[in-house]
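Per UniProt numbering, the sequence shown starts with residue 1, numbered consecutively. Quick reminder that beta carbons are idealized off the backbone N, C-alpha and C, glycines included. Just so it is clear, the structure is predicted and the values come from calculations on it, not from any experiment.
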Amino acid sequence: MNSIVYWFEELFASLPLSFIDIWGRFGYIVGIFLMICAYGGFTFNPGGKFGFGRRKQSWDTQAFLSIPFTFVFIFITGYIGSFIVLVPGAQTFESLKDLTVFLCILLFGYPALLAVPFAYGLSDLIEGVPPDFLFDWLLGYFINPACFWVAYQLIGRDPDFKKLKTWALYSIFVIIFMSIEPQLWGYICSEQFTREISYRNITPALFFTTGVTWVVAPFAMLIALPLAKKYGLFWAEIPGHTRELILSYKEWYWQEEKFGKDGIPLGQGLPIRMFLVTPFILLVLIMVAATAYLTLRSSEAASGKLASRLHQEISENINLRLDDYLAHSIRKKPEEISLLLKNTNIARHGRAFIIDRETRIIASSDLRFSNIGSASESGDPVIRNSVLSVLKDYGDLYSIKMAFQFRFDIVNAKPVSRETWLTQVTPYRDNAGEYDWVVITAMPASYYLEGVQIGNSESAKVFAVALTLSLLIAAFLAGIVTSPIRNISQATRAMAEGDFSQRVPSSKLEEIGTLAFSFNHMAEQLQEAFRRTKASEEQYKDLVDTTPGVVWEADAITFDFTFVSKQAEDLLGYSVEEWKTPGFWADHIHPEDKDYAVNYCVACTGKLEAHDFEYRFLKKDGTVVWLRDMVKVIAEGNREKWLRGVMVDITERKNIEEKFLERNRFVESILDISPDILYIYDIKERRNVYSNIGVERLLGYSVEEIQKMGDSFLKDVMHPDDFQEYLSKIIPKYLNALDRDVLEHQYRMRHKDQKWRWFVSRELIYKRDQDGVPTQIFGISNDITKGKEAEETILDLNANLERKIDQRTEELKRSNEDLKESLEYQKKISKELNETQSQLLLSEKLAALGQLAAGMTHELNTPLGAIVSSNRAILDILYEEIRDIPDLLLSLNKSEVEHFKFLLDESLKEISQAEILPNRSLRRELVRIFKEASVSDPENAVNMVLELGIHRLGEKLPDLLKTENSLKILEAVSSIASVVRFSNVISIATGKASYVVDALKNYLNPGTHNGDEELVPVDVEVELETIIALYHNKIKYGVEVVKHYRTNELCLGDPDKLNQVWINLLNNGLQAMNYKGKIEISIEKRESWIIVSFSDSGIGIPKEIQDKIFDPFFTTKNPGEGIGLGLDICKKIVEKMGGKIEFETEPGRTKFEVWLKPANRKKEESIGN
């Protein structure tokens, strides 16, 4: 071993001392940097990737246990290593302790790094290192583990030496360590020893001992690593133990999972047993350390005083002996004086020598150096160093007049050591005054401080034993206290896994027993609450799964879905995972509804308001459905957090509503065709709710003007006498009237031209309030002004006739000619009377037509109005703009004419396409492009381009509009395109008016169509449901509708004509039972027929008229309720479709059956043909 150390010494001796010193200083700086990084929580390997970051340690149980384990392991290995001497002197087997430090730092991590400096220093105290050295080497104790921290960075995450990668990284660490650590310790020790000794002796010895460490370390790790993993102490496998952050990141880049194998979150706080144990350990250690420190310091002070006093006595004793020797000896030989000094007590452990004022040695207790020249050049290091110290302080020996004491150190290279000597210098002059000498006595501090040094070591051992015992006692006491708490913790964790049967035993400790009782009680309550919660969750899950809609939850800020029920896939085709894609909802709303739906939802969410809205949504197969979305906003701290709601498919309802709207428009058009006034009047608010366009024809007031008049309409327009009679007599009748009762009254109304006109109204109750009190009435008003005028004429004629008969009775007797003239005149009057009566009959028939047609005028006026306005617009263009176009074409050059033709063709193409309104961004983009292309008046040009729809030409537009006459060309093209557009409007409006007339014709004359009209399959059930919905207001107050749909098969027919049949039969049934009773509607297949039947609970049809009910114009209804054509029309419609209509009746029940061909018969006949 010594030969290897000598080889290293020779190697370092061959290097210049200045070079090694620079090397040591550089290593010291690098060591400080590593120390800052290691203890500052930095890392060069965050997440297993090289970089620079921070590491945060979680102080859990394993972290705290790592600290005492590190202390104990270093104590044991340091104590064992102190008995193995590899190099004579101070260098013991440090490799064993360094190996322990290496293993602890790699296996335990940061907690071991904190414990190493203190454990290493305490171990050195146990081995006998002076306390002064510990303070001088204090920084080195922190730098040393920081060098081991480099291995922790390289292989600490996976120190498995079975892998080649680990060996490669370990080799890099050894090179780094050996190039830094021995040299920096040489620099640190140069303060206590000389540079020569530090770099030539200490550094080579450290090279050797650490080299032994790195040879043994991999094999030791192969044993230690499995043990650390087995007992859960390996830092990299402890859940939640550490986490790392790259400095450029804002979030933790890497951390061990915070969940155990069972998936239960692990606590990150201080374990309670650690909280109990740590103060106890610290208290014991502080007391032991304080006691040892005070005791040793007291002993050291006492020993110093004793040594000082001993020096004084020895010096006085030597002086007395010298006096006696010099007084009695004739021949004063130095050898004899040396023998005299050798016989003193101090000669056995120290030095006693005499020098003259010129520093020549007179005598010495060490006979080897008793008569050798100058003391400052003596071969005895004690004599030499003591004299040099005196000369350094006093300059020469002549100035010494009094005795004094001082200390000096002797440093040896072989073995490496530094020893302190206590020295006393005493001036001596014999009694005769012949000799002027200096007596110097020196004693090593180890002689009188040996007990103190042994005490230091023993105190360190006591400290280590106290630490171990305090750990054991504290662990025992903590176990007694924490064992029940651990039971509660384990039971809590088991309950977190779902095992609510956990109970903990009681404890003899009062507080713990109370805690255990409370826990068990809580566990019972929690078990019962969990059972109820689980049942409630299953109930809610069943409710969500059976809800006829999509139950969902979404983030209120991003609108990203966090939960969607499984109905989403059944209803719309998208999987739950697709619904959770960011932006999914908004991206799949119908483009025409997207802005409205998103903006409305955002606005309501910002106000924390629950909202309900409807929009179209694109299914996965590309079809469109209508959704009703009912949303609730969940807030946290006055800020929106979540949205929860239900989406319901309302496509069927929307389709029905669309059919309702179409039928309402049809009904309104029929009502507007009527020559009479049809109206709805609110008798409670005394305002007109609805009027057809007949009011404008008969009274001159538009519907808008009547609405503006409000409750003053009747008061201002009706004759005052008639208005008072209406208020006092007519309106009170409605309080006792039934819904089917028709009230008729006559009155006068002022025309807009201020002329009075006579009207007759037939009114019935249209709406009642919740108490059944009538609030609105429906009526038809006929203009009977001409009838009234005819009546007055007849009365006047009759009066004149009577007068003339009285006056001319005698004349008639005298002249037959006069009689003939009178008879002819009377015939003429009778003829006028007949014409007047025919006019009255016509008025009555027109009233019936008004009930049947219900307002076709509005439907005709709409297309006619469009035709008139479009025609007027075309005339305006022809008169104002078209006549300028020929002049413009003459002024254009050939290329401009081509541009004109191209733009005209493109604009006419766009007219046939559906209009797409450009958005603002397109307008801004076109303005920008036109400005860059230097198009004149770009704003106006953009407006005309967008109006013509030629913005789709894209990049061609700027080239077409760069000419000087571009705006004029655009204006001409716009004029011609407008004429074409308005012509299209006229064509469409003409078609619509023709359709209305045909519809009315078909409705009034169902049997006049061609006999070969094609029949189509009809879903009778859907059509019946629509009609029942239309009659909802009439049947909701007293009619029970019972439906028996026993077949789903379709029939052959015309759906619109069949609807006329269903409406007539349903209306007859309701009127027959006075809107009170039960209506039964059934659909069934009997043999090869589809049979639709209507049964009512009315009074029945009398036997004497049963054969007449299908005759035209036969009716039993009151005047104004029907003209007797309904059943006749129904019969003709059904028979034309190849079916038949039958009825059966008895008191209290009447049933009409409509027999229709099934749809498959038409298919069979088609195949046969």
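Please look up how many angstroms separate the CB atoms of R348 and V438, rounded, as I've assumed it's under 8 Å. With a Cβ gap of about 22 Å, R348 and V438 do not count as contacting.
Touching or not, the region 1016-1034 and the region 971-984, by the rule of three or more beta carbon pairs under 8 Å? no
Alpha carbon of E662 to alpha carbon of P1055, nearest angstrom: 14 Å
Cross-strand partners of P774 (DSSP beta bridge): Under the DSSP definition of a beta bridge, P774 partners with R768.
How big is the Cα-Cα spacing for K715 and Y679? 16 Å
Give the range of the alpha helix (DSSP H) segment to which I354 is assigned. Counting along the chain, I354 falls outside any alpha helix (DSSP H), though it belongs to the beta strand (DSSP E) covering R351 to D356.
How big is the Cα-Cα spacing for I400 and L340? 24 Å
Kindly confirm or deny that the region 1050-1068 and the region 1022-1040 touch, where touching means at least three C-beta pairs closer than 8 Å. yes
For W1155, which residues from the same chain have a beta carbon less than 6 Å from its beta carbon, with the 5 sequence-adjacent residues on both sides left out? W1089, I1091, G1139 and K1140
Short of 6 Å in beta carbon distance, which residues of its chain neighbour M221, apart from the five on each side in sequence? Order them along the chain. P159 and F161
Taking Cβ positions, are G1069 and D1096 nearer each other than 8 Å? yes
Closest to E652 by CA distance: which of F660, K1108 and S936 is it? F660
Within the continuous beta strand (DSSP E) that includes L225, where are the two ends? Not the beta strand (DSSP E): L225 falls in the alpha helix (DSSP H), residues T203 to K230.
Do E191 and D136 have their C-beta atoms within less than 8 Å of each other? yes
Below 8 Å between beta carbons: does that hold for L904 and I976? yes
Endpoints, the alpha helix (DSSP H) within which M178 is located: L164 to M178
Bridge partners - R687, DSSP secondary structure assignment: D682
Kindly confirm or deny that the region 60-77 and the region 108-127 touch, where touching means at least three C-beta pairs closer than 8 Å. yes
Going straight from the alpha carbon of A597 to that of F613, what length do you get? 8 Å
Please name the residue, chosen from I986, H745 and I1035, that lies closest to Q724 on a Cα-to-Cα basis. H745
So who's on the other strand from R923, going by DSSP bridges? Answer is none; R923 lacks a bridge partner.
Pairwise C-alpha distance: T209 and S198: 15 Å
Alpha carbons only, please: which of E528, G573, E537 and T558 is nearest the one belonging to V550? G573
In three-state terms, what does DSSP make of I22? helix
Please return the same chain residues whose Cβ sits closer than 6 Å to the Cβ of F930, not counting the five positions on each side in sequence. Here the set comprises P938 and A941.
What ranges does the beta strand (DSSP E) occupy inside the region 548-619, keeping only unbroken runs of at least 3 residues that lie completely in it? 550-555, 561-564 and 611-618
Can you check whether the CB of L948 is closer than 8 Å to the CB of R923? no
Hey, L643 and V631: beta-carbon distance below 8 Å or not? yes
Return the residue from the list W185, C147, I202 and Q776 that minimises the CA-CA distance to I175. C147
Going by beta carbon distance, what residues of the same chain come within less than 8 Å of I22, once the five residues before and after it are set aside? Around I22: no qualifying Cβ.
Could you tell me which residues DSSP pairs with R750 in its beta bridges? W756
Chain-order list of residues whose beta-carbon lies under 6 Å from that of V760 (same chain, five-residue window excluded): Q746, N782 and I784
One or two residues paired with residue 1196 in a DSSP bridge: For residue 1196 there is no data in the structure shown, the boundaries of the chain being 1 and 1169.
Given that a residue counts as buried once 16 or more other Cβ atoms are within 10 Å of its Cβ, and exposed if not, what is N688? It counts as buried.
How about P381 and I410: do their beta carbons lie closer than 8 Å? yes
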